[in-house]
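Residue numbers (this note's numbering), protein chains in the order written: chain L, 13 to 343; chain U, 13 to 343.
Note sheet for the following structure.
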DNA sequence: CTGAAAGCGCTTACAG
DNA sequence: CTGAAAGCGCTTACAG
């Protein structure tokens with residue numbers, strides 16, 4: 013059941029069938045109808061594999077996401093897919109763990125499958141991955157992250173400013189002893205840490221690194237981090253978690269210990285995932301325009317793929333403080 | 013940069029290169045080394061598209077999931093992918109909305125891309141989708157759902173028994189006025205409803221359909237459903253939500269209205285997603301072995317693909333009541 | 001063990 | 001506007 017069968021059935025050449033299939037050239041209405049009805053009758057569906065082979069284009073893009081912050085990345089995936097689908101592109105999702113062999117496997121997978129482009133949301137500890145990635149010779153866009161030294165277009169918020177704004181929000185509420193549940197492994201985490209430090213500094217609050225606790229962007233790591241912080245400090249004013257999932261985990265830890273949020277401790281999240289609006293209390297969070305980031309990254313990639321317009325090296329989206337009920341004014 | 017270039021560089025035929033690439037036949041150690049070092053030197057990576065074309069096999073399976081219960085389906089995706097990856101298969105995720113055109117698009121997508129098999133987790137209201145799906149002539153496995161009339165292997169729990177167990181759990185705690193936040197659109201929802209009814213009946217509790225409220229498996233729909241129930245009934249003993257995400261939404265609604273869970277109302281969820289362990293209070297839930305369902309479904313599909321062993325038409329996995337703190341003994 | 005050649009199902013210059 | 005034919009990058013009988 014190939015194009016040849018349709019051609020025979022419709023009494024035309026395979027070239028003509030291909031032309032009506034792809035609307036690529038004028039075909040007389042008569043032949044077009046013959047072909048169309050033949051396709052309908054036989055239930056023919058084109059083989060995109062063969063098509064990809066000759067076009068040297070698969071209409072597939074690879075989305076490399078880390079296996080953390082699942083809800084955040086799920087939202088990105090949705091918006092990326094929706095945007096690409098409208099242009100008849102598919103997405104091949106790669107959820108990578110942070111191990112070299114695992115990353116290697118996925119890069120190879122993407123190259124073997126000849127993806128047309130890549131949206132990268134995972135920052136690797138192994139720089140050789142990037143040289144390998146570049147050899148693929150396909151356009152790459154970074155979404156939500158920054159990889160210093162990798163010169164490709166980025167779509168993200170200003171993480172330093174966002175973390176400053178978040179910290180300032182807590183400072184304005186009268187908090188002074190503000191713990192930070194950091195995200196490790198990503199340079200955006202470093203930027204957010206820098207934003208936190210700078211806000212404290214500008215407010216004249218001295219920095220105390222025992223208020224820092226590393227996290228891994230997951231519910232569980234937020235829970236563990238909160239317990240660690242609480243065991244060190246009995247008098248925290250507030251906790252700033254660098255992902256909503258960690259914040260939700262932290263909230264659970266506080267709940268278990270009988271600590272009331274926000275009355276005992278204020279809690280601020282980061283991301284603005286759907287869940288943030290359904291925690292108890294509702295989480296106040298530094299919100300990224302998640303869907304817009306995914307959409308924009310996809311659009312840039314499409315532009316790189318389908319035209320030779322030059323795309324901006326850096327697209328900064330606006331963050332906001334999304335008001336919830338997890339932070340209390342202590343003045 | 014194809015197999016031809018490697019052949020030329022190594023001074024062998026393309027057939028030999030192909031053979032060392034695929035380990036498909038004995039090749040003398042001498043030539044094998046020549047080829048390998050040539051591949052290494054040139055940084056050659058095989059074109060799987062061309063390979064798929066001749067083998068008539070893409071090593072891709074389609075995973076059709078609904079755009080609801082995101083966390084549940086994300087967990088399934090992870091386990092499916094992990095299982096398939098070990099066998100060098102990729103997965104193409106299709107998040108479908110429940111509209112005919114959208115479903116149609118995805119079935120066409122899977123056929124055009126010649127997936128080798130399909131794991132189906134979405135139940136359609138449009139039966140013609142299934143006849144269309146069957147025309148694809150590829151193995152299908154149902155995971156987590158039951159589609160009456162579609163004769164393909166299924167991997168799921170016994171939803172009726174699970175819902176009975178859940179309801180009995182609430183009854184044993186002394187609850188009588190038990191509301192149900194149902195899931196609509198899936199026949200597993202109907203089974204769970206039947207389980208709820210049967211448990212009540214066996215306990216001699218009369219059924220009241222004003223205690224039923226439809227939901228759509230999402231946080232938001234659980235929130236709305238809980239509000240609807242609370243506006244109708246001021247004296248509920250317990251609420252049983254047919255997904256954890258709806259339960260979390262319901263918990264938020266209760267929280268907002270100052271209703272304490274579990275002291276005022278017990279809340280029981282369904283699924284056992286990661287989030288269930290991090291709500292406040294921790295959710296008691298009828299837990300499915302989610303990862304095992306994904307893994308098993310993938311294994312069955314692999315078996316259908318790689319051997320002609322006959323696979324079981326129905327694989328029932330064990331559910332459990334996962335103890336949390338959202339249900340209180342009222343006796 | 002190794003190679004020349006056919007073929008997978010399409011698209012697209014090139015002629016007519 | 002339409003068709004015959006080459007070619008995309010592989011795999012694999014078939015010979016040797």
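All C-beta atoms in this analysis are idealised placements derived from N, C-alpha and C, irrespective of residue type, glycine included.
From a predicted model like this one, the values you see are computed outputs, not experimental measurements.
- Item | Host beta strand (DSSP E) of residue 102(L) (start-end) | Numbered from its first residue, the first chain carries residue 102(L) at position 90. Looking at the DSSP string, the run of the beta strand (DSSP E) that includes residue 102(L) is 102 to 108.
- Query: Name the residues in the segment 97 to 110 of chain U whose C-beta lies less than 7 Å from a C-beta of chain L; which are they?
  - Reply: Answer in chain order: 102, 104, 105 and 107.
- By a C-beta neighbour count over all protein chains shown, 10 Å radius and 16 as the cutoff for buried, is residue 257(U) buried or exposed? What you label residue 257(U) is simply residue 245 of the second chain in a count that begins at 1. By the 10 Å Cβ count, residue 257(U) comes out buried.
- Query: Can you round the beta-carbon distance between residue 57(L) and residue 24(L) to whole angstroms, since I take them to be within the 8 Å contact cut?
  - Reply: Position 45 of the first chain, counting from 1, holds the residue named residue 57(L). Position 12 of the first chain, counting from 1, holds the residue named residue 24(L). The beta-carbon distance between residue 57(L) and residue 24(L), rounded to whole angstroms, is 18 Å. This is too long to meet the 8 Å contact definition.
- Query: From which residue to which residue does the alpha helix (DSSP H) around residue 343(L) run?
  - Reply: Residue numbering aside, residue 343(L) sits at position 331 when the first chain is read from its first letter. No alpha helix (DSSP H) holds residue 343(L); DSSP gives it neither H nor E.
- Message: Which residues in chain L have a C-beta closer than 8 Å to the C-beta of residue 235(U)? List them in chain order.
- Response: Position 223 of the second chain, counted from the first residue, corresponds to residue 235(U). Result: 290.
- Message: Could you pull the DSSP bridge partners for residue 283(U) from this structure?
- Response: Residue numbering aside, residue 283(U) sits at position 271 when the second chain is read from its first letter. For residue 283(U), which the question treats as bridged, DSSP gives the partners 299(U).
- How about residue 75(U) and residue 121(U): do their beta carbons lie closer than 8 Å? The sequence position of residue 75(U) within the second chain is 63, counting from 1. The sequence position of residue 121(U) within the second chain is 109, counting from 1. Contact: no.
- Would you check if the distance between the CB atom of residue 318(U) and the CB atom of residue 91(U) is smaller than 8 Å? Here the question's residue 318(U) lines up with position 306 in the second chain. Here the question's residue 91(U) lines up with position 79 in the second chain. No; because the gap between Cβ atoms is not below 8 Å, this pair is not in contact.
- Relative to the C-alpha of residue 211(L), which residue among 173(L), 232(L) and 227(L) is closest? Within the first chain, the letter at position 199 stands for residue 211(L). The shortest Cα separation from residue 211(L) among 173(L), 232(L) and 227(L) belongs to 173(L).
- For residue 15(L), I'd like the list of residues in its chain whose CB is within less than 7 Å of its CB, leaving aside the five on either flank, ordered along the chain. In the first chain, counting from the first residue as 1, residue 15(L) sits at position 3. Only 26, 29 and 30 meet the Cβ criterion.
- CB of residue 164(L) within 8 Å of CB of residue 309(L), strictly: Along the first chain, one-based indexing puts residue 164(L) at 152. Along the first chain, one-based indexing puts residue 309(L) at 297. Residue 309(L) is positioned such that its CB atom lies no closer than 8 Å to that of residue 164(L).
- Task: Return yes when the Cβ of residue 282(U) is within less than 8 Å of the Cβ of residue 254(U), no when it is not.
- Result: Counting from one through the second chain, the residue named residue 254(U) turns up at place 242. Counting from one through the second chain, the residue named residue 282(U) turns up at place 270. Yes. Within cutoff.
- Please determine if the segment 109 to 117 of chain U and the segment 287 to 304 of chain U are in contact, where contact requires at least 3 C-beta pairs separated by less than 8 Å. Touching, no, given that fewer than three Cβ pairs across the two stretches are closer than 8 Å.
- Message: Extract the residue ranges of the beta strand (DSSP E) inside the segment 232 to 293 of chain U, only unbroken runs of 3 or more that lie entirely within it.
- Response: Listed in chain order, they are 250 to 253 and 278 to 283.
- Task: Establish whether the CB of residue 147(U) and some CB of chain L are separated by less than 8 Å.
- Result: As a working note, residue 147(U) is residue 135 in the second chain. Residue-level contact check: residue 147(U) touches chain L, since one or more beta carbons of chain L fall below 8 Å from its beta carbon.
- Best match in 336(U), 262(U), 303(U) and 187(U) for proximity to residue 93(U) [C-alpha to C-alpha]: On the second chain, position 81 is the one that residue 93(U) refers to. Nearest to residue 93(U) by C-alpha distance, out of 336(U), 262(U), 303(U) and 187(U), is 303(U).
- Message: With a threshold of 8 Å, are at least 3 pairs of Cβ atoms found where one atom belongs to the segment 327 to 340 of chain U and the other to the segment 319 to 332 of chain L?
- Response: Contact fails: fewer than three Cβ-Cβ distances are below 8 Å.
- Item | Rounded separation between residue 186(U) and residue 341(U) - CA only | Mapped onto the second chain, residue 186(U) falls at position 174. Mapped onto the second chain, residue 341(U) falls at position 329. Those two C-alpha atoms are separated by around 6 Å.
- contact_flag[the segment 68 to 84 of chain L, the segment 228 to 243 of chain L] where n(CB pairs < 8 Å) is 3 or more: By the criterion of at least three beta-carbon pairs nearer than 8 Å, the segment 68 to 84 of chain L is in contact with the segment 228 to 243 of chain L.
- Query: Thinking just about the alpha-carbon of each residue, which of 206(L), 244(L), 251(L) and 222(L) is nearest to the one in residue 234(L)?
  - Reply: In the first chain, residue 234(L) corresponds to position 222, counting from 1. Of the listed residues, the one whose Cα sits closest to residue 234(L) is 251(L).
- Message: On the DSSP bridge list, what partners appear for residue 151(U)?
- Response: For the purposes of this step, residue 151(U) is identified with residue 139 of the second chain, where counting begins at 1. None, per the DSSP bridge assignment.
- Task: Using a cut-off of 9 Å between C-beta atoms, extract the partners of residue 120(U) located in chain L.
- Result: Residue 120(U) sits at position 108 when you count from the first residue of the second chain. By Cβ distance, chain L contributes 57.
- Message: Which residue marks the beginning of the alpha helix (DSSP H) containing residue 65(U), and which one marks its end?
- Response: Taking the second chain and counting its residues from 1, one reaches residue 65(U) at position 53. Taken as a continuous stretch (DSSP letters only), the alpha helix (DSSP H) holding residue 65(U) covers 60 to 67.
- Message: Let's see if you can read the secondary structure: which residues bound the beta strand (DSSP E) around residue 159(L)?
- Response: Here the question's residue 159(L) lines up with position 147 in the first chain. From DSSP, residue 159(L) is part of no beta strand (DSSP E); its letter is neither H nor E.
- Query: Among residues of its own chain, excluding the 5 on either side of residue 37(U), which ones have a beta-carbon nearer than 7 Å to its beta-carbon?
  - Reply: Position 25 of the second chain, counted from the first residue, corresponds to residue 37(U). Same-chain partners within the cutoff: 31.
- Three CB pairs or more closer than 8 Å across the segment 126 to 134 of chain U and the segment 271 to 278 of chain U: No contact exists between the segment 126 to 134 of chain U and the segment 271 to 278 of chain U.
- State the beta-bridge partners of residue 78(L) as determined by DSSP. If you number the first chain from 1, residue 78(L) lands on position 66. Bridge pairing for residue 78(L): 108(L) [DSSP].
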